[in-house]
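Going down the list, the protein sequences come from chains A and B.
Mapping of the first sequence onto our numbering: position 21 corresponds to residue 49, and the numbering continues sequentially without gaps.
Mapping of the second sequence onto our numbering: position 251 corresponds to residue 345, and the numbering continues sequentially without gaps.
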Amino acid sequence: MTRATHWLAAAGFAAALLVPAWAAAQEIGTALKPDEIKAEPFKDAKTVGQIAKGDRLEIVARQSGWLQVKAGNKKGWVRLLSVRRGQGGQTNVAQEIGGVATGRTGTGQVVSTTGVRGLSAEELKAAKFDEKQIAKAESFSASPEDARKFAGQGGLAAQKIKFLPDPRGGAR
Amino acid sequence: MNARQMRTMLLVLGIGWTGSVVAIDLDELRRAIEGPKQDKEQTERPAPEKDAAKDAGTNAPAPTEPKKKEKFDIGKVLSAVREISVEEEIEIGRQISGNLLGAAPLVADDKLQAYVNRVGRWIASQSGRSDLKWTFGVIDSADINAFAAPGGYVFITKGLYARLQDEAQLAGVLAHEIAHVQEKHHLKVLQKQQLMSLGSDALSRKIKGEEVVQKLIGSGAEILARGLDKTAEFEADRVGVVLAARAGYDAFGLPAVLQDIGSNTKDAGSVALLFKTHPHPDERLSALGEAMGQRFDDVNGKALPKRLVRMP
């Protein structure tokens, strides 16, 4: 190996280390509701603090339904569903789009600057049937047996879990 | 404008107002006419699936008397209303999907396509529609979105797929779409629209042949651009989380994806349609939070980050 490739390898390694670290440092969240900060990602773990709605959090890691966060001088785990990623609210891309989508700005047009193929309402409406493509898609269909086997290889086993009731829809 | 274009226009206009005019639950109507009937797929469901049948019923508006009685011959409508058969459902879904692929073809990566089909089919096997021959695909679009069509067709865009971090997140997205098929959300929209726009004449005929199907679904794949109502989306989130968990996956795959697309999308255009057709991700997360509560605390699903096939 030449010196140059050594250098490249070292740079690549450094980049691989740096990028996630940078991304993690950038990850900011906001509490959607009050919740307890737990010492570990389990409901029975010791409570080490509280978050209040609107609190700014630094997101360190995720494990299943839990996010490891730093909130002020407290560090611990809060429920994933108690947090939204991003700051506060006003500068959020999603919310800007949300406003546009409700038609308040009139046109409902969102400017896309990428120039790559998109799937706008207009494009979908103008779409023409492609028999070759749909036939190709269907050719990839997996049999239930094949899928079960693949699931087993990943250690997946079917669980018995009831469907969730709608907490907001009284008539059930 | 030729006659066909004119009809399509009328159909499109029709869609605009059906939402506010029709307040008839077609399933209720059917039950009223035919009496309680167990169809094949329901009897094949495992016991917990009964909840899904209940869920499906309450999603549609409660049956009420039509307001415009003088212009609305209820007898004629009742006699014309019939259930769309599974064969018709598949034909409708195939047409919509073929149109969607006309706008954005499959990503040319057989390994990736085979992979999403295995993951998707395993989740679909846990649903109330395990009888269908399911087809999944990754489509070549930078948009962040996923689509379902009746009869068991599910597609995820390359843009969304590239953001996924593990197989459980893929499972969550596919499960949300599978839920739309299980609950027949798009089919219900079409049934209502068919009832109002095409009249009882078309209803009594079999939905057969490309032209008739295309007439029913409108122009191209516009039904996918129109979106469903919020209740249907929240329901698909709740059902999707459960289907993914039933398949053995970490139940928080879908919430994690919602959290990600709610904030980390730099290109506004890539999420335009998604946010136009769905409630805001924060709203969906809050609703899921209420529904899930602590129910999944003791369910230890798998995330499988290493098995996720990365984009070419």
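We treat Cβ as the ideally placed atom computed from N, Cα and C, and that holds for glycine.
Give me the Cα-Cα distance between residue i and residue j, rounded to the nearest whole angstrom.
| i | j | result |
| --- | --- | --- |
| L109/A | K160/A | 42 Å |
| A243/B | T75/A | 45 Å |
| N394/B | F191/A | 17 Å |
| D391/B | P375/B | 22 Å |
| E177/B | Q96/A | 49 Å |
| R107/A | R113/A | 13 Å |
| Q220/B | E173/A | 13 Å |
| K66/A | W105/A | 5 Å |
| A218/B | A338/B | 9 Å |
| Q187/A | W216/B | 12 Å |
| F369/B | A202/B | 27 Å |
| R196/A | S380/B | 11 Å |
| G303/B | H372/B | 31 Å |
| K98/A | K61/A | 16 Å |
| I311/B | I186/B | 8 Å |
| K309/B | E316/B | 12 Å |
| G100/A | S357/B | 22 Å |
| D119/B | K205/B | Only weak support is given to the placement of D119/B: the predicted model assigns it a pLDDT of 49, under 50, and the value that follows is read from those uncertain coordinates. Rounded to whole angstroms, D119/B to K205/B spans 42 Å at the Cα level. |
| A52/A | V88/A | In this prediction, A52/A scores a pLDDT of 44, lower than 50, which makes its location untrustworthy; the coordinate-derived value is nonetheless stated afterwards. Looking at the two C-alpha atoms, the distance is approximately 6 Å. |
| Q278/B | D63/A | In the sequence as presented, Gln is not what sits at residue 278/B; that position holds Lys. Cα to Cα, the separation comes out at about 36 Å. |
| A149/A | L367/B | 7 Å |
| Y255/B | H280/B | 23 Å |
| E329/B | R340/B | 16 Å |
| L152/A | P199/B | 12 Å |
| G192/B | K102/A | 53 Å |
| I56/A | V365/B | 20 Å |
| S313/B | G183/A | 44 Å |
| S179/B | I79/A | 52 Å |
| E166/A | I355/B | 29 Å |
| L85/A | K400/B | 28 Å |
| L402/B | V275/B | 24 Å |
| T325/B | A170/A | 31 Å |
| D234/B | H270/B | 20 Å |
| R212/B | P193/A | 29 Å |
| V144/A | A273/B | Because the pLDDT at V144/A is just 45, under 50, the model does not fix this residue reliably, and the point stays unresolved. |
| L147/A | E181/B | 28 Å |
| I184/B | E68/A | 47 Å |
In the DSSP assignment, what are the bridge partners of residue i?
| i | result |
| --- | --- |
| F241/B | F249/B |
| Q91/A | W94/A |
| E166/A | The partner list for E166/A (beta bridge, DSSP) is empty, contrary to what the question assumes. |
| I317/B | Answer by DSSP bridge pairing: none, since I317/B is not bridged. |
| R84/A | T58/A |
| K63/A | Reading the sequence as shown, one finds Asp at residue 63/A and not Lys. Note: D63/A sits in a beta bridge opposite I79/A. |
| R113/A | G57/A |
| A99/A | K102/A |
| K190/A | For K190/A, which the question treats as bridged, DSSP gives no partner whatsoever. |
| K400/B | Its beta-bridge partners do not exist; DSSP assigns none. |
| Y343/B | K396/B |
| R107/A | W94/A |
Using beta carbons (cut-off 9 Å, strictly below), is residue i in contact with chain D?
| i | result |
| --- | --- |
| K282/B | Any reference to chain D falls outside this structure, whose protein chains are A and B. |
Report the CB separation of residue i from residue j in whole angstroms; it is logged as a contact under 8 Å.
| i | j | result |
| --- | --- | --- |
| G253/B | V351/B | Actually they do not touch by this definition, with Cβ atoms about 12 Å apart. |
| F168/A | A208/B | 6 Å |
| G222/B | F249/B | About 21 Å separates the two Cβ atoms, so there is no contact after all. |
| A197/B | A163/A | That pair is no contact at about 17 Å. |
| Q189/B | F157/A | 7 Å |
| L226/B | G214/B | Going by Cβ atoms, the distance from L226/B to G214/B rounds to 11 Å, so no, they are not a contact pair. |
| K396/B | G342/B | 6 Å |
| V111/A | A59/A | 6 Å |
Taking only runs of the alpha helix (DSSP H) that begin and end inside the segment 164-235 of chain B, which ones reach a length of at least 4 residues, in chain order? Within the segment 164-235 of chain B, the complete alpha helix (DSSP H) runs of at least 4 residues are 168-174, 180-197 and 204-218.
Are there three or more Cβ pairs, one per stretch, closer than 8 Å when the segment 254-262 of chain B is compared with the segment 371-387 of chain B? No contact exists between the segment 254-262 of chain B and the segment 371-387 of chain B.
Using 8 Å as the Cβ pair cut-off and three pairs as the minimum, do the segment 266-282 of chain B and the segment 175-182 of chain A touch? By the Cβ criterion, the segment 266-282 of chain B is not in contact with the segment 175-182 of chain A, since fewer than three pairs of Cβ atoms, one from each stretch, lie closer than 8 Å.
Sufficient close CB pairs (3 or more, under 8 Å) joining the segment 81-101 of chain A to the segment 338-346 of chain B: Judged by Cβ distances under 8 Å, the segment 81-101 of chain A makes contact with the segment 338-346 of chain B, as three or more pairs qualify.
Given 8 Å, three or more beta-carbon pairs between the segment 333-343 of chain B and the segment 60-75 of chain A: No: the two stretches stay apart, fewer than three of their Cβ pairs being nearer than 8 Å.
With contact counted as at least three CB pairs below 8 Å, one residue from each stretch, are the segment 233-247 of chain B and the segment 320-328 of chain B in contact? Because the criterion of three Cβ pairs below 8 Å is not met, the segment 233-247 of chain B and the segment 320-328 of chain B do not touch.
Which ranges would you report for the alpha helix (DSSP H) in the segment 351-377 of chain B if only whole runs of at least 4 residues count? If we require 4 residues or more, the alpha helix (DSSP H) runs fully inside the segment 351-377 of chain B come out as 366-371.
Can you check the segment 251-276 of chain B for any alpha helix (DSSP H) of at least 4 residues that lies completely inside it and give the ranges in chain order? List check, alpha helix (DSSP H) in window: 252-255 and 261-276.
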